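**Q** So the protein lines, in turn, are chains A, B and C.
Following the numbering used here, the numbering of the first sequence begins with 1 at its first residue and continues without gaps.
Following the numbering used here, the numbering of the second sequence begins with 1001 at its first residue and continues without gaps.
Following the numbering used here, the numbering of the third sequence begins with 2001 at its first residue and continues without gaps.
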Amino acid sequence: MTHNPFRSETGGRIDRNSPIEFEFNGRIYTGYQGDTLASALLANGVFLTARSFKYHRPRGVMGAGVEEPSCLVELLGADAGGNHAATTVRLRPSLRAKSVNCWPSPNFDLMSINQLFARFLPAGFYYKTFMWPNWHLFEPSIRQAAGLATAPNDQIPDQHFETRYWYGDALVVGGGPCGLLAALIASRSGARVMIVDDQPHPGGYLRASQTEIDSKPAMEWVAAVIAELDANPEVTRLQDATAWGYRESNLLMITERSPAESHVFQRGWKARAGQVILATGAIERNLVFKNNDLPGIMLASAVQTYLHEFGVIPGRRAMIFTNNSSAYALVHDLLAHDLQARNPQAAGTVIAGIIDSRPADAIGAEKDGLEIPIYAAHQITAAHGGKHLRTLSIRAEDGSIKLVDCDLLAVSGGWNPAVHLFSQARGTLAYDDELASFVPDKPTQRLACVGAAAGKMNLASALADTVSTITASLGEDGFEIPAFTMPISAASPDYHLHPLWHVDGMKPGDKAFVDIQNDVTLDDIGLAMREGFDTVEHVKRYTTAGMGIDQGKTGNVNVIGNIAEASAKSPGDIGTTTFRSPFTPVDFGSIAGHRNGATVLPFRHTPITQWNRDHGAVMYEAGARWQRPGYFPIEGGDMQDAINTEAEAVRYGVGVYDGSPLGKFDISGRDAAAFIDLLYTNDFGDLEIGMGRYGIMLTDDGMILDDGVTFKLAENHYLMSTSTGFADLVYRHMDYLSQVECSGWQVWITPVTSQWCNATICGPKARDVVAALGTSIDMRNEAFPFMAMRDGIVADMPARVCRVSFTGEVSFEINVWPRHAEAMWRRIMEIGAPFGIMPVGSETSHVLRVEKGFLSLGHEVDATADPYDLGMGWIMSRTKMHAIGRRSVDIRRSSGKPRRELVGLIPETNGELVPEGAPITPNGERVASEGFVSACVWSVVNKQAIALGLLTNGRARIGKTIIIRDRERMIKAVVTKPCFHDPKGARLRG
Amino acid sequence: MLSLPCPFCGQRDETEFLNAGPAKSARPNTDVTDSKWVEWLTVPANPIGYVEEKWWHARGCGKWFTIKRHTVTHEIKMPDEDDE
Amino acid sequence: MGYQATIEKQGMWAIFDIKGDASAAAKRIAPLGLSLPAGTNTAKAKGGQHLCWIGEDHWLLLAPAEMENELLERLDPHHSSIDCRIVHVSDAYTLFTVTGQQADDILAIASPLDTRRKNFPNDGAAYTEFFGIRGLVLRRPDGYLAAVERSYADMISAYFDKISTGSR
């Protein structure tokens, strides 16, 4: 027999035939299938389970679900995770957990010395103390002292996270009586329904009560509803799943923690429904008195859950402290359980009395039949005990104090409708005086609240209200509800409450907590208000009340009530802080889903990618998600040697690179020529068929958007090429113009980037290689000049050959369909071998273009440069004032302010490269920069390091020396024209 | 995450779209003053209430369209609908 | 382990991008015995060909690879017809089939497309997001056909492997 001294012999819904061993803080305990970590610890008599965040006070389990403010644990092992409420951790074999916030253990906690210094740790302490020189200096040690859990490192074997979409007509959140009823009605109307419940089993609070429906135990009604829902293929029922975020257009973010599929660890749902029904229930709140955080003090509703769900009564001598009628149900339930018989190992649990802050005449039918002491109009002023509750100080109306011994205190400060999701949906809240809490007011999305979430605290009327609400809202969407028999629940006493925001008769310095998790006391609220932080949002930030992992579920309304009382206003005038998602902590994995490992970022390949890999290329992304070869390592050489070898091949022999990622667009239609003219700053009107022209396009604010070559295939038919990285942006720009601003024009734009691959053969021997491949195209320079394009056959394959050059050498871009690309590439390597052809990576392309001073977007063009700055004033047509961006360039330049201009730089470094981005400052002083190095490479033709840069008034400073600051190092450099190789361009035209 | 009414495809998830900011009035002619040009270029409407926005169904049919979105509630209307 | 679904990368298809005036487009495809689909985001299927209406004034013709030469000849994509433009884009796409009883689960993971029949009927064909990129999805009697830009095909294969099994 398992030693569970606080487990009753019968009762509860645990499986007593399935004991489970688990580890907590290094010790082995036993619980049962169906337990939570919290219920198993309580059953074992482990009450001191945590230390508090700031003062390291002893803490135990206070709640039974997501509201738990106190007992946070870190899970260890393969499915590790930090900062779970022990009340939400399902017991399972090999579960290992440890407390957070305590070191070395909750029983012997070194940081509890903070309690002695408590008066030095008031609200705002961290803000006031750790401001200088900055917070980051102190954060690590504060974090260690606070002891929040560490992030897990291990991966879960054979399982992964998943995310998926769901669409339906009705989405019900909450598996309590009203949620089930709502789902049942919706499903009978033929709607597609999802019901989400954060508990492992449906029933909600019915599981923790003796309520009857239709004259039978309520759980029998629950079972019948579930059977009907599960038989309906249009119904998706998620248990142990939390709807934690309410997004726009009725989208709910849901994390399902135990999916049926064994390969899925957790599933994130993005579920969007025609309407949402929030049946999220209510959360009990605490009462504020001295030492209200001692282990042994729990929410009354939690004690009921432990009794009914887990067969655990976590004390021998119990007291109740309430300001409302609901806690009396616990007393009735405890008595009904015939306590003497069920706790044989002890003298049994005795209920020593009920302390009710309401006057005797306000206590109604809830007390009927009870023969235990009821202290009406009494309050607890203080709880006493070292590591567990021992004694209570009870204060009568006349101020007299009486001491009562007990080891379990069940408190109820009233109920707060769980309006979190409603409020996330931007619905407004209203303060309800009778409930002394906030209730949903005006929704902004298509949603309805039912049951306790709507402030309906009486089951019978809540069920009736659910039926009418759902019938009406589904009716709006055209669903008809078939005839329906109302479930009849047994009559229950009306809910009645007198607000009690804090007890009377406390002294300054008494630790009476309003936010248990963040150790925020009533004094802290007072301090914040005295220091001028008197709105609820300010109080929250100054004291950290409501900022914990529990987001103040049990404490926030008490904070608001106390601000209201201190400022003599209604809580409704104070209002609430913003309710933010997530409602409960969520594993990042359930949001990221399958995007991990190799698929964190998108990637694109060409048909040559595999060849590159097979030939040892070092691959990385080079814009727009394309994986490209950076360089091809050579034996006995480093990266620079490899780059030099490739660059020399192009300059003195022949090289080839895979230019497939270049953006390509087919543009045609009656107005295509006018469209091209609108896009580019230079004239294309006189372009001949079969020829291409380099162009620059600007954004509307006059910055360079892209550059590239556009060929004219026929009248009003063009093939535009763009830079690899900006192809998508250019497409967006063109598509916007064609659809919105030029909607009357006839222009068709078809992206053909992936319809064409190209191998670009470049270098003095390029023409020889193409000829050797065998081609139908007349390759003579006069027949096929620079910037021309020819269709024909190359190496027995249909090809389109373009004479453009991004290297400064004569180049032939052999474009083929991707189905032919690999074959073409292999032929080029084979036929080119006798010519010494080398494959060239993107590092070498960079070297070659810097030697020529060709632009690279992202290097020289950084969204501040215009064509004049780059020495390309010639590309700004004098006649095309309407070209996109032209006007803005003119306005900007009319100010006459000095501009940064493109120059060449020769750094005096004995060949060492200067980091790209290094600033140029006047005389090398530590002042605002006058430019920067945009690119720096080793030039194989100049046999020295060369650079490009943008420099204020740079063109006027050619021949002068400037100073680059590489952190503390000063590097002199001579300013030159931005071209280091064949400035007349004779080679590329050759 | 919004659900947006594409004129061609109907309601689709926001991840299929790109937002292109507030809708602009028609492009001014080239003879407009510099200050008017700069205003057209750089001063977008930013009300508490409905703002006209351009969206591109980039991962869908490719349609560019205008909607009115409420900057507080995210309620969406077509440009020709009343604000209430 | 994994879902009851079969995912297969397809070989070449013959694919043509058609833009322009509907009557001009109808005239250009008439010789193939095809007419334009009546509903937006639907496809007309005939003899293994699918003509998909995927955007305003925009259609995509998918046909078996063996028809490519015939279609190149009959559609004459390089003909610059005044009211209609046809671009040959067979190589620009890679196609995958997703079939089996849990094909819907795979699609719900891959795409935000609402595949309820009222929104995506039996002849549904629409562009949508597909593992973060743009993809065309067609409904088939036994599941779905998806087309993505070819350069992303290896990535899409990696995604499919991952989500349909327990591998990370």
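Beta carbons are placed, not taken as given, at the ideal position from N, Cα and C, and that holds for glycine.
No experiment lies behind these values; they were computed from the predicted model shown.
Examine chain B for any beta-carbon lying closer than 8 Å to the beta-carbon of A346 of chain A, and answer yes or no.
**A** As a first step, residue 346 of chain A must be located in the first sequence, where it is residue number 346. Low confidence applies here, because A346 of chain A scores a pLDDT of 47, under 50, leaving its location unreliable; read the following figure in that light. Not closer than 8 Å to any Cβ of chain B, the Cβ of A346 of chain A fails to qualify, so no.
**Q** How is Q210 of chain A classed by DSSP in three states: helix, strand or coil?
**A** In the first sequence, counting from the first residue as 1, residue 210 of chain A sits at position 210. Three-state result, Q210 of chain A: coil.
**Q** Give the list of continuous beta strand (DSSP E) stretches no shorter than 3 residues that lie fully inside the region 795 to 823 of chain A.
**A** Runs found: 797 to 802 and 811 to 816.
**Q** Under 8 Å between C-beta atoms, does F1065 of chain B make it to chain C?
**A** Translated into positions along the second sequence, residue 1065 of chain B becomes position 65. Cβ-Cβ to chain C under 8 Å: no for F1065 of chain B.
**Q** Indicate the three-state DSSP secondary structure (helix, strand or coil) for F161 of chain A in the structure shown.
**A** Locating residue 161 of chain A in the first sequence gives position 161, where the first residue counts as 1. Of the three classes helix, strand and coil, the one that applies to F161 of chain A here is strand, per DSSP.
**Q** Quick one: does F6 of chain A have its CB under 8 Å from some CB of chain B?
**A** Translated into the one-based positions of the first sequence, residue 6 of chain A becomes position 6. Cβ-Cβ to chain B under 8 Å: no for F6 of chain A.
**Q** Assess contact between the region 649 to 661 of chain A and the region 757 to 776 of chain A, defined as three or more Cβ pairs (one per stretch) separated by less than 8 Å. Is contact present?
**A** Segments in contact, yes.
**Q** Give me the DSSP bridge partner(s) of F675 of chain A.
**A** As a first step, residue 675 of chain A must be located in the first sequence, where it is residue number 675. Its beta-bridge partners do not exist; DSSP assigns none.
**Q** Please confirm whether S70 of chain A and Q551 of chain A have their CB atoms less than 8 Å apart.
**A** Residue mapping note: residue 70 of chain A aligns to position 70 of the first sequence, counting from 1. Residue mapping note: residue 551 of chain A aligns to position 551 of the first sequence, counting from 1. Contact flag unset, no.
**Q** In the structure shown, what three-state DSSP assignment does C1006 of chain B receive?
**A** Here residue 1006 of chain B refers to the residue found at position 6 of the second sequence. Of the three classes helix, strand and coil, the one that applies to C1006 of chain B here is strand, per DSSP.
**Q** Alpha carbon to alpha carbon, what distance is there between I401 of chain A and S570 of chain A?
**A** Along the first sequence, one-based indexing puts residue 570 of chain A at 570. Along the first sequence, one-based indexing puts residue 401 of chain A at 401. One C-alpha to the other measures close to 30 Å.
**Q** If you draw a straight line from the C-alpha of P919 of chain A to the C-alpha of H1074 of chain B, how long is it?
**A** For the purposes of this step, residue 919 of chain A is taken as the residue at position 919 of the first sequence. For the purposes of this step, residue 1074 of chain B is taken as the residue at position 74 of the second sequence. Rounded to the nearest angstrom, the two C-alpha atoms are 44 Å apart.
**Q** Please report the straight-line C-alpha distance between T2165 of chain C and F2096 of chain C, rounded to a whole angstrom.
**A** Taking the third sequence and counting its residues from 1, one reaches residue 2165 of chain C at position 165. Taking the third sequence and counting its residues from 1, one reaches residue 2096 of chain C at position 96. When rounded, the distance between both Cα atoms is 17 Å.
**Q** Using DSSP with H/G/I as helix, E/B as strand and the rest coil, what is V769 of chain A?
**A** Within the first sequence, residue 769 of chain A is the residue found at index 769, counting from 1. Three-state result, V769 of chain A: helix.
**Q** Determine the contact status of A622 of chain A and S301 of chain A, defining contact as a CB-CB distance below 8 Å.
**A** One-based indexing of the first sequence puts residue 622 of chain A at position 622. One-based indexing of the first sequence puts residue 301 of chain A at position 301. No.
**Q** Measuring only the C-alpha atoms, how far is N815 of chain A from K712 of chain A?
**A** Translated into positions along the first sequence, residue 815 of chain A becomes position 815. Translated into positions along the first sequence, residue 712 of chain A becomes position 712. Straight-line Cα distance between these residues: approximately 16 Å.
**Q** If you drop the 5 nearest sequence neighbours on each side, which residues of the same chain put their C-beta closer than 7 Å to that of T543 of chain A?
**A** The residue given as residue 543 of chain A occupies position 543 in the first sequence. Answer for T543 of chain A: A123, V520, D524, I525 and A528, listed in chain order.
**Q** Distance, Cα to Cα, A454 of chain A vs A436 of chain A?
**A** Translated into the one-based positions of the first sequence, residue 454 of chain A becomes position 454. Translated into the one-based positions of the first sequence, residue 436 of chain A becomes position 436. One C-alpha to the other measures close to 14 Å.
**Q** Note down the Cα distance separating D2091 of chain C from A823 of chain A, rounded to an integer number of angstroms.
**A** What you label residue 2091 of chain C is simply residue 91 of the third sequence in a count that begins at 1. What you label residue 823 of chain A is simply residue 823 of the first sequence in a count that begins at 1. Going by the C-alpha atoms only, they are around 15 Å apart.
**Q** Just tell me which of A:G315, A:Q445, A:D658 and A:Y731 has its CA closest to the CA of Y676 of chain A.
**A** Locating residue 676 of chain A in the first sequence gives position 676, where the first residue counts as 1. Position check: residue 676 of chain A holds Ile in this sequence, whereas Tyr was assumed. Among A:G315, A:Q445, A:D658 and A:Y731, the Cα nearest to that of I676 of chain A belongs to A:Y731.
**Q** Look at the Cβ atom of K880 of chain A, then the Cβ atom of D701 of chain A, and state whether they are nearer than 8 Å.
**A** Here residue 880 of chain A is taken as the residue at index 880 of the first sequence, counted from 1. Here residue 701 of chain A is taken as the residue at index 701 of the first sequence, counted from 1. Cβ atoms of K880 of chain A and D701 of chain A: not closer than 8 Å.
**Q** Using a C-beta to C-beta distance shorter than 9 Å, which residues of chain C count as neighbours of A598 of chain A?
**A** Here the question's residue 598 of chain A lines up with position 598 in the first sequence. What A598 of chain A touches in chain C: M2155, A2158 and K2162.
**Q** Ignore the nearest five residues each way along the sequence and tell me which others in M697 of chain A's own chain have a CB closer than 6 Å to its CB.
**A** As a first step, residue 697 of chain A is located in the first sequence; it is residue number 697 there, counting from the start. For M697 of chain A, where only same-chain residues beyond five positions count, the Cβ hits under 6 Å are L679, Y680, L705 and D706.
**Q** Evaluate the contact criterion for the region 575 to 589 of chain A versus the region 601 to 608 of chain A: three or more CB pairs, one atom per stretch, below 8 Å.
**A** They do not touch, by the three-pair rule.
**Q** Between which two residues does the alpha helix (DSSP H) carrying G561 of chain A extend?
**A** In the first sequence, counting from the first residue as 1, residue 561 of chain A sits at position 561. Its alpha helix (DSSP H) spans residues N556 to A566.
**Q** Consult DSSP for T87 of chain A and reduce its assignment to one of helix, strand or coil.
**A** Residue 87 of chain A sits at position 87 when you count from the first residue of the first sequence. The answer is helix: DSSP assigns T87 of chain A an H, G or I state.
**Q** Nearest-angstrom Cα distance between P867 of chain A and D2017 of chain C?
**A** For the purposes of this step, residue 867 of chain A is taken as residue 867 along the first sequence, with counting starting at 1. For the purposes of this step, residue 2017 of chain C is taken as residue 17 along the third sequence, with counting starting at 1. Cα to Cα, the separation comes out at about 36 Å.
**Q** Comparing C-alpha positions only, which one of A:G685, A:Q304, A:V810 and A:L299 sits nearest to A674 of chain A?
**A** Residue numbering aside, residue 674 of chain A sits at position 674 when the first sequence is read from its first letter. For A674 of chain A, the nearest C-alpha among the options comes from A:G685.
**Q** Taking the straight line between their C-alpha atoms, what separation do you get for D778 of chain A and L737 of chain A?
**A** To locate residue 778 of chain A, count along the first sequence from 1; it is residue 778. To locate residue 737 of chain A, count along the first sequence from 1; it is residue 737. Cα to Cα, D778 of chain A sits roughly 39 Å from L737 of chain A.
**Q** Would you say D1083 of chain B reaches chain A, if we count a Cβ-Cβ gap shorter than 8 Å as a contact?
**A** What you label residue 1083 of chain B is simply residue 83 of the second sequence in a count that begins at 1. It does not: the Cβ of D1083 of chain B has no partner Cβ on chain A nearer than 8 Å.
**Q** Tell me which residues share the same chain as R613 of chain A and place their Cβ nearer than 7 Å to its Cβ, disregarding the 5 neighbours each side in the sequence.
**A** As a first step, residue 613 of chain A must be located in the first sequence, where it is residue number 613. These residues qualify, in order along the chain: M619.
**Q** Determine the contact status of E2169 of chain C and K1063 of chain B, defining contact as a CB-CB distance below 8 Å.
**A** A question about residue 2169 of chain C goes unanswered here, because the residues of chain C that appear run from 2001 up to 2168.
**Q** On the DSSP bridge list, what partners appear for R1000 of chain A?
**A** Since the first and last residues shown for chain A are 1 and 990, residue 1000 of chain A lies out of range.
**Q** Nearest to G725 of chain A by CA position, among A:W817, A:D641, A:K852 and A:G858, is which residue?
**A** In the first sequence, counting from the first residue as 1, residue 725 of chain A sits at position 725. Comparing Cα positions, the closest option is A:G858.
**Q** Go through its chain and collect everything with a Cβ distance to P2121 of chain C's Cβ below 7 Å, but skip five positions before and after it.
**A** Along the third sequence, one-based indexing puts residue 2121 of chain C at 121. The residues are T2042.
**Q** At a CB distance below 8 Å, what residues from the region 585 to 613 of chain A approach chain B? Give them in sequence order.
**A** The residues in question: there are none.
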